[in-house]
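Under the numbering used here, the residue at position 160 of the sequence shown is numbered 1061, and the numbers go up by one with no gaps.
All C-beta atoms, glycine included, are put in the ideal place defined by N, C-alpha and C.
First comes the structure, then the notes that go with it.
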Amino acid sequence: MADATKATTPAQLWTLIHEQRRKVGNMLAALTDAEWEAASLCGGWRVRDVAAHCVETQTMTPGKFFGRFAGTGFRFNAFNEKGVAGHAKQTPAELLAQYRETTTRTSAPPGPKPTWLAEAVIHGEDMARPTGQHLDVSPEALVAAGEFSRSATLLLHGKQRTAGLRLRATDIDWTAGDGPEVSGPAISLIMAITGRKVALADLSGDGLATLVSRV
902 MADATKATTP AQLWTLIHEQ RRKVGNMLAA LTDAEWEAAS LCGGWRVRDV AAHCVETQTM
962 TPGKFFGRFA GTGFRFNAFN EKGVAGHAKQ TPAELLAQYR ETTTRTSAPP GPKPTWLAEA
1022 VIHGEDMARP TGQHLDVSPE ALVAAGEFSR SATLLLHGKQ RTAGLRLRAT DIDWTAGDGP
1082 EVSGPAISLI MAITGRKVAL ADLSGDGLAT LVSRV
């Protein structure tokens, strides 16, 4: 079992964010054009749509975010869909090039920095699992993404899904919460508590039935 050190400073978090984005870029480079069109774990989005969403995040600034958010009537889903639609005419090669060109940026929408690490981890898995790819995620990134995801109330709803449950990773040194236990690989715990039903099959424990009922 790998020990995990918590990343707490902005510099540490940006290092983990950039590292994970690079890994996602390498994974995307291995996909065929057909796999770019495959359904992702994000409902209604193909792999290419998730990649486009990630590019939008990597190139976003607070000013740009508020302007575009207002332009969609402050509707978050419409905001995301409009951003993805802006990349509809790009080829997979063009999307990949833009993704890689923007991986080391430190601009972002407003919000805590662990958000962007969680996004890289979760959306990377959203694209990797349906295409049979494996993404390596460092223990430090898993802990940071797990802690953020389980406490998030908006969008991810991890706090609501994990209330009264104890999470225990079986591949790294990470536990969180109190109550009936749900255990399994850290990445599967993260994906399950953020609403990805497919990850539930990797988990076990007395608290699993409760988690299943909330996903």
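Among the options, nearest to residue i - alpha-carbon criterion
i	options	result
G1059	G1096, V948, S1039	G1096
G1100	L1090, G1108, D1107	The displayed chain sequence assigns Ala, not Gly, to residue 1100. Measuring from the Cα of A1100, the nearest candidate turns out to be L1090.
W915	F970, D1027, P1013, F975	P1013
Y1000	N978, G964, N927	N927
D1027	A912, G944, S1114	G944
F977	L1109, L1055, S1114	L1055
R1006	T1076, A912, E938	A912
Cβ-based burial, residue i [other Cβ within 10 Å; buried from 16]
i	result
L1112	buried
D950	buried
T1132	Since the first residue shown for the chain is 902 and the last is 1116, residue 1132 is missing from the structure and cannot be characterised.
A1029	buried
L1066	buried
L1057	buried
Within 8 Å, strictly: CB atoms of residue i and residue j
i	j	result
A1045	P1015	yes
A931	Q1034	yes
H988	A940	no
L942	L997	no
D1107	P1086	no
V1116	K1098	yes
L1036	G1047	no
V948	E936	yes
S1050	I1088	no
Residue i versus residue j - alpha carbon distance
i	j	result
R1069	L1018	20 Å
T960	D1074	33 Å
E957	A1021	12 Å
G968	K983	13 Å
D1103	R923	26 Å
T962	A1053	21 Å
I918	A1042	8 Å
G1078	T1063	8 Å
S1008	E920	16 Å
T909	S1039	15 Å
T992	A986	13 Å
E995	D934	12 Å
K990	G1080	49 Å
K965	W946	23 Å
F970	S1105	40 Å
F975	N981	11 Å
G972	C955	20 Å
T1032	M1092	16 Å
K907	L1109	26 Å
E938	I1023	19 Å
E1002	A979	26 Å
Residues bridged to residue i (per DSSP)
i	result
S1084	R1069, S1105
R947	A940
T1076	R1069
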